[in-house]
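K.L.:
Chains A and B supply the protein sequences, listed in that same order. If you count the first sequence from 1, you need to add 5 to reach our numbering. If you count the second sequence from 1, you need to add 3 to reach our numbering.
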Amino acid sequence: MSKRGEGAFVEFREVSKSYDGKVLSVQDFTLSVAKGEFVTILGPSGCGKTTCLKMLAGFEEPTSGEILLNGRPIGRVRAHKRNIGVVFQQYALFPHMTIAENLAFPLQARGASKHESAAGVKRALDMVQLAAFADRRPGQLSGGQQQRAAIGRALVFEPDLVLMDEPLGALDRRLREDMQYEIRRLQQRLEVTMIYVTHDQGEAMVLSDRVAVMNGGKVEQIAPPEVLYEEPGTLFVANFIGENNRLDGEVVEWTEQVCRVDVKGKGVVQAFPVAVGEGDHHTSLTIRPERVELNPAPGRTANVFDAKVQDVIFIGDHLRIHAELLGCQQFIVKIPNIIGHGAVLPGDTVKFGWLTTDCRALDAAPPTQTGTAPAQ
Amino acid sequence: MMGKSRTQALLLSLPLIAFIGITFVAPLGSMVLRSFYDPLVAEILPKTVAALGEWDGGALPPEGVYALLAEELRQARADRTIGRLATRLNRQTPGLRSVVSGTGRRLARQGQPPWAEALPRMNKAWGEPEVWHAIAQAGRRVTPTYYLNALDLRMDADSGVVQQPEAKRVYRALFVKTIGVALAITLLCLGIGYPLAWFIAHSPPRRGRLLLVLVLLPFWTSLLVRTTSWIVLLQQQGVLNNLLIWAGVVADDQRLTLMHNMIGTFVAMTHVLLPFMVLPLYSVMSGIPPVQMQAASSLGAKWPRAFRRVYLPQSMPGVGAGCLLVFILAMGYYITPALVGGQSGQLISNFIAYHMQTSLNWGLAAALGSILFVAVLLLFLLYDRVLGLDRMRLGS
Ligand SMILES: Nc1ncnc2c1ncn2[C@@H]1O[C@H](COP(=O)(O)OP(=O)(O)OP(=O)(O)O)[C@@H](O)[C@H]1O
Ligand SMILES: [Mg+2]
Numbered sequence: 006m007s008k009r010g011e012g013a014f015v016e017f018r019e020v021s022k023s024y025d026g027k028v029l030s031v032q033d034f035t036l037s038v039a040k041g042e043f044v045t046i047l048g049p050s051g052c053g054k055t056t057c058l059k060m061l062a063g064f065e066e067p068t069s070g071e072i073l074l075n076g077r078p079i080g081r082v083r084a085h086k087r088n089i090g091v092v093f094q095q096y097a098l099f100p101h102m103t104i105a106e107n108l109a110f111p112l113q114a115r116g117a118s119k120h121e122s123a124a125g126v127k128r129a130l131d132m133v134q135l136a137a138f139a140d141r142r143p144g145q146l147s148g149g150q151q152q153r154a155a156i157g158r159a160l161v162f163e164p165d166l167v168l169m170d171e172p173l174g175a176l177d178r179r180l181r182e183d184m185q186y187e188i189r190r191l192q193q194r195l196e197v198t199m200i201y202v203t204h205d206q207g208e209a210m211v212l213s214d215r216v217a218v219m220n221g222g223k224v225e226q227i228a229p230p231e232v233l234y235e236e237p238g239t240l241f242v243a244n245f246i247g248e249n250n251r252l253d254g255e256v257v258e259w260t261e262q263v264c265r266v267d268v269k270g271k272g273v274v275q276a277f278p279v280a281v282g283e284g285d286h287h288t289s290l291t292i293r294p295e296r297v298e299l300n301p302a303p304g305r306t307a308n309v310f311d312a313k314v315q316d317v318i319f320i321g322d323h324l325r326i327h328a329e330l331l332g333c334q335q336f337i338v339k340i341p342n343i344i345g346h347g348a349v350l351p352g353d354t355v356k357f358g359w360l361t362t363d364c365r366a367l368d369a370a371p372p373t374q375t376g377t378a379p380a381q
Numbered sequence: 004m005m006g007k008s009r010t011q012a013l014l015l016s017l018p019l020i021a022f023i024g025i026t027f028v029a030p031l032g033s034m035v036l037r038s039f040y041d042p043l044v045a046e047i048l049p050k051t052v053a054a055l056g057e058w059d060g061g062a063l064p065p066e067g068v069y070a071l072l073a074e075e076l077r078q079a080r081a082d083r084t085i086g087r088l089a090t091r092l093n094r095q096t097p098g099l100r101s102v103v104s105g106t107g108r109r110l111a112r113q114g115q116p117p118w119a120e121a122l123p124r125m126n127k128a129w130g131e132p133e134v135w136h137a138i139a140q141a142g143r144r145v146t147p148t149y150y151l152n153a154l155d156l157r158m159d160a161d162s163g164v165v166q167q168p169e170a171k172r173v174y175r176a177l178f179v180k181t182i183g184v185a186l187a188i189t190l191l192c193l194g195i196g197y198p199l200a201w202f203i204a205h206s207p208p209r210r211g212r213l214l215l216v217l218v219l220l221p222f223w224t225s226l227l228v229r230t231t232s233w234i235v236l237l238q239q240q241g242v243l244n245n246l247l248i249w250a251g252v253v254a255d256d257q258r259l260t261l262m263h264n265m266i267g268t269f270v271a272m273t274h275v276l277l278p279f280m281v282l283p284l285y286s287v288m289s290g291i292p293p294v295q296m297q298a299a300s301s302l303g304a305k306w307p308r309a310f311r312r313v314y315l316p317q318s319m320p321g322v323g324a325g326c327l328l329v330f331i332l333a334m335g336y337y338i339t340p341a342l343v344g345g346q347s348g349q350l351i352s353n354f355i356a357y358h359m360q361t362s363l364n365w366g367l368a369a370a371l372g373s374i375l376f377v378a379v380l381l382l383f384l385l386y387d388r389v390l391g392l393d394r395m396r397l398g399s
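Here it is as structure tokens:
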């Protein structure tokens, strides 16, 4: 995580926002982004991502807290003076203008001459590969083309900071992947600072230098993608990023390196205590499906349990096994396809094992959250 | 199969076609017809008119025509149609009313051939060719008279179409005035309605609904009541004058005349027609996402520029629809100017009403109405050419 102050280009300091004076849509949001960095705000729908961008762009004011741009508070700077390129969730291209006119708009607003503006528009159109569509109106473009036009318009005036709000939300998967790559390439080439919003964890992983995971208006964790995956700090992050198995249980023994957790009396699991301290009782354990070993050699893994195979799905490079384990009905395991198709069959009883360090003891699931195992 | 389902579809839509025919095409058609088709004289004096057809129009018609007229005038008096005949002929040539009805009265009591001598004795007008020309003219079933009158023109026996005498020219100036007033009211409504619609469309939903109801409220109140309340407000002893005197702006002996003149017409009509401007504007504006203006400002445009380049063009379909609606309604508005307009505040439709109800000159009323109708139709076509009717949005 980059340090506050020096090098921070954008900084949210404990920013909170309430639209109606009652509910906080964003709560104590703190984030600092270095110049040239690509930071993604990731979270489920309604968690306050757009609200954060709106406050930064100047369309909404924080209820409390402060936002700094380049070290200076921007509370009093009007939106049109902030020089921030914004790509909106609904594109927000101007429907009555051609694509070229749309792209010329920010240049003209900055008093560019006809000549300068035409040159700038041409460069931007080439950059987003829309030169052939300059004279069309947004309504005559496909979703992906409109998206590129919106990106071109946000970049054409060479802002230092670009905000993108789920720009690929409406596109199909293939196009999304192409566009992700293009966005990343553009950002690196232009060396702009990017704050990107998405609810798609895959997209966040592919694009970002760092990801801020949000939930219910609060930040859960800010970290580079691989850290988020390997070392989720909360149960929410562990479940939101990638696939995870979850076992709920009670802590029976605790040291700083290892804790022993009783999973509903069906067995005791050894885990790495991330979010449980001394004296905590309830916890949720998470284990990545690919970190589970089938029939491990005795002594190799601290945790070994019997499992009843319910389903085996042949994916190609790996087998995906659904099994019942320690009362969890949907325990998922991914086994690399070394053992071959047919080595494990539904109905078999097998042993699954995993290392203590691969099993993270996190905060307990709130009772309302849908769990893998029913209570009692 | 195809043919059958077509027939079925046609049969199913017959009631609708009949409805449109009865409520729309028929009245409109009968109005237009009345403006140029007038069989009254030809029906009451069929033989005379036919005989006059052979008349060379030089000197006076021959004895035979006099005899036919005498016979048919007697008959008309007996049938009690002579009054209408007299009125109609009087319209053709002023003064003929008394000639016709007087002669009819005398014919009932006296008179015998030769009629060419007897009739001029009863009224010396029968000794002059003008009367006969007038009857011949009026005897034509298809007549341009009403249109000519509606445009301040008339037929002259020898020189064809000429201007009405200066003192009788009314309608051309009135058309111009009506168009001017309608334009001015349209602009007023736009000036008030645009910001109002903006405010309603971009208010939080709750407040927006409330404001919309307030705008619609006048719709649900009788037009008469609304207009009368303007009388209460605007008359010389009215609320507004009293307020102004109380505030010391005007002296008691200099009360403003705000009613029974153009001011009254303007104020009341703008009020009455405002919803027709606000509704289409509101419907278009509420379809413009707020994010459009946000995008414009994030791209560096100050508010005025963002408004002019981004918002205004997108609201144009509403502006077009609202203006067209208000202009057309204002062109044909009748009750409000009649009540608060006084002498100077009367518009073309008040004269149409006058000819419908008081002077009973339905032909002229129809001609005036048809001209108004065609003017509006032309406007519509012009609008379609310039802005495109398909881009017009009346409601979402
Ligand atoms: N203008 C507004 N007035 C009132 N409440 C709002 C407004 N905009 C957003 N909210 C509320 O604030 C919360 C956060 O909204 P926000 O738009 O930031 O979510 P988001 O994370 O962008 O969601 P999504 O992924 O669906 O776009 C939501 O509960 C939403 O209902
Ligand atoms: Mg959003």
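Backbone N, C-alpha and C fix where the C-beta goes; we use that ideal spot for every residue, glycine too.
Between the region 272 to 288 of chain B and chain A, which residues of the former have a C-beta closer than 8 Å to a C-beta of the latter?
P.N.:
Going along the region 272 to 288 of chain B in chain order, one finds no residue with a Cβ nearer than 8 Å to chain A.
K.L.:
Please indicate yes or no: does the CB of lysine 54 of chain A lie closer than 8 Å to some heavy atom of ligand 2?
P.N.:
Flag set: Cβ of lysine 54 of chain A near ligand 2.
K.L.:
I'd like the list of long-range same chain contacts for glutamate 255 of chain A, defined as Cβ closer than 6 Å, with 5 residues on each side in sequence excluded.
P.N.:
Around glutamate 255 of chain A: Asp267, His286.
K.L.:
Check the Cβ-Cβ distances between isoleucine 89 of chain A and every residue of chain B, and say whether any is below 9 Å.
P.N.:
Cβ-Cβ to chain B under 9 Å: yes for isoleucine 89 of chain A.
K.L.:
Could you list which residues in chain A have their beta carbon closer than 7 Å to that of glycine 325 of chain B, in chain order?
P.N.:
Simply none; closest approach about 18 Å.
K.L.:
Check the Cβ of glutamine 152 of chain A against every Cβ in chain B and list those closer than 9 Å, keeping chain order.
P.N.:
What glutamine 152 of chain A touches in chain B: nothing, since even the nearest Cβ is about 14 Å away.
K.L.:
If you measure from the CB of aspartate 368 of chain A, is any heavy atom of ligand 1 nearer than 8 Å?
P.N.:
Because no heavy atom of ligand 1 lies under 8 Å away, the Cβ of aspartate 368 of chain A does not count as near it: no.
K.L.:
What would DSSP say about arginine 215 of chain A, mapped onto helix, strand or coil?
P.N.:
In the structure shown, arginine 215 of chain A sits in a strand (DSSP, three-state: E or B).
K.L.:
Please decide whether arginine 308 of chain B counts as near chain A, where near means a Cβ-Cβ distance under 9 Å.
P.N.:
Interface residue, yes.
K.L.:
Just mark glycine 3 of chain A as buried or exposed, buried being the case when its beta carbon has 16 or more other beta carbons within 10 Å.
P.N.:
Absent from the structure is residue 3 of chain A, since the part of chain A shown begins at 6 and ends at 381.
K.L.:
Should alanine 298 of chain B and phenylalanine 93 of chain A be called a contact, given that it needs their Cβ atoms to be closer than 9 Å?
P.N.:
Cβ atoms of alanine 298 of chain B and phenylalanine 93 of chain A: closer than 9 Å.
K.L.:
Mind listing which residues of the region 330 to 349 of chain B have their C-beta closer than 7 Å to chain A's C-betas, in chain order?
P.N.:
Answer in chain order: no residues at all.
K.L.:
For the beta strand (DSSP E) containing methionine 169 of chain A, name the first residue and the last one.
P.N.:
Methionine 169 of chain A -> beta strand (DSSP E) spans 166 to 170.
K.L.:
Are any of the Cβ atoms in chain B nearer than 9 Å to that of valine 28 of chain A?
P.N.:
Output row for valine 28 of chain A: interface = no.
K.L.:
My output table needs one value for glycine 163 of chain B: the three-state DSSP class, helix, strand or coil.
P.N.:
Three-state DSSP puts glycine 163 of chain B in a strand.
K.L.:
Throw me the rounded Cβ distance for the aspartate 214 of chain A and glutamate 19 of chain A pair, which I believe falls under 8 Å.
P.N.:
Contact flag wrong, Cβ pair sits at about 23 Å.
K.L.:
Please tell me whether glutamate 261 of chain A and threonine 239 of chain A are closer than 9 Å, where the distance is taken between their beta carbons.
P.N.:
No. Outside cutoff.
K.L.:
Following the continuous beta strand (DSSP E) through valine 197 of chain A, name the residue where it begins and the one where it ends.
P.N.:
From DSSP, valine 197 of chain A is part of no beta strand (DSSP E); its letter is neither H nor E.
K.L.:
At a CB distance below 8 Å, what residues from the region 35 to 69 of chain B approach chain A? Give them in sequence order.
P.N.:
Residues passing the 8 Å Cβ filter: none.
K.L.:
Within the same chain, show all residues whose beta-carbon is closer than 7 Å to that of valine 313 of chain B, passing over the 5 residues directly before and after it, in chain order.
P.N.:
So the list reads Gln295, Met296, Ala299, once near-sequence residues are dropped.
K.L.:
If we cut at 9 Å on Cβ distances, does leucine 213 of chain B have a partner in chain A?
P.N.:
For leucine 213 of chain B, the answer is no, since every Cβ of chain A falls outside 9 Å of its Cβ.
K.L.:
Report whether the distance from the Cβ of aspartate 256 of chain B to the nearest heavy atom of ligand 1 is below 8 Å.
P.N.:
The answer is no for aspartate 256 of chain B.
K.L.:
For glutamine 275 of chain A, which residues does DSSP report across the bridge?
P.N.:
According to DSSP, glutamine 275 of chain A bridges with A:Arg265.
K.L.:
Please report the distance separating the alpha-carbon of glycine 376 of chain A from that of cysteine 364 of chain A.
P.N.:
With a pLDDT of only 41 at glycine 376 of chain A, under the threshold of 50, the placement of this residue in the model should not be trusted; the figure read from the coordinates follows. Approximately 17 Å between the Cα atoms of the pair.
K.L.:
In chain order, what residues of the same chain have a beta carbon less than 6 Å from the beta carbon of asparagine 88 of chain A, not counting five sequence neighbours either side?
P.N.:
Pro164.
K.L.:
Measure from the C-beta of phenylalanine 93 of chain A to each C-beta in chain B and report whether the shortest distance is under 9 Å.
P.N.:
With 9 Å as the cut-off, phenylalanine 93 of chain A counts as an interface residue toward chain B.
K.L.:
Quick check: the Cα distance between alanine 324 of chain B and leucine 186 of chain B, rounded to an integer number of angstroms?
P.N.:
The straight-line gap from Cα to Cα measures roughly 14 Å.
K.L.:
Compare the beta carbon distance of valine 263 of chain A and glycine 90 of chain A with 9 Å and say whether it is the shorter of the two.
P.N.:
Not in contact: valine 263 of chain A and glycine 90 of chain A (Cβ atoms no closer than 9 Å).
K.L.:
For a quick check, are the C-beta atoms of leucine 212 of chain A and threonine 45 of chain A less than 9 Å apart?
P.N.:
In contact: leucine 212 of chain A and threonine 45 of chain A (Cβ atoms closer than 9 Å).
K.L.:
Of all the options A:Glu248, A:Leu36, A:Met132, A:Ala114, which has the alpha carbon lying nearest to the alpha carbon of proline 307 of chain B?
P.N.:
Considering only alpha carbons, the answer is A:Ala114.
K.L.:
Would valine 15 of chain A pass as an interface residue toward chain B - the criterion being a Cβ-Cβ separation below 9 Å?
P.N.:
Taking Cβ atoms only, chain B never reaches closer than 9 Å to valine 15 of chain A, which makes this a no.
K.L.:
Following a CB-centred definition, is glutamate 171 of chain A positioned closer than 8 Å to any heavy atom of ligand 1?
P.N.:
Flag set: Cβ of glutamate 171 of chain A near ligand 1.
K.L.:
Let me see if you follow: with CB-CB separation under 9 Å, is glycine 321 of chain B close to chain A or not?
P.N.:
It does not: the Cβ of glycine 321 of chain B has no partner Cβ on chain A nearer than 9 Å.
K.L.:
Rounding to the nearest angstrom, what Cα-Cα distance links valine 431 of chain A and phenylalanine 241 of chain A in this structure?
P.N.:
Residue 431 of chain A is absent from the structure shown; chain A starts at 6 and stops at 381.
K.L.:
Just verifying my parser: in three-state terms, what is the DSSP assignment at asparagine 342 of chain A?
P.N.:
Residue state, collapsed to three classes: coil.
K.L.:
Where do the ends of the alpha helix (DSSP H) carrying histidine 358 of chain B lie?
P.N.:
Where histidine 358 of chain B is concerned, the enclosing alpha helix (DSSP H) stretches over 351 to 360.
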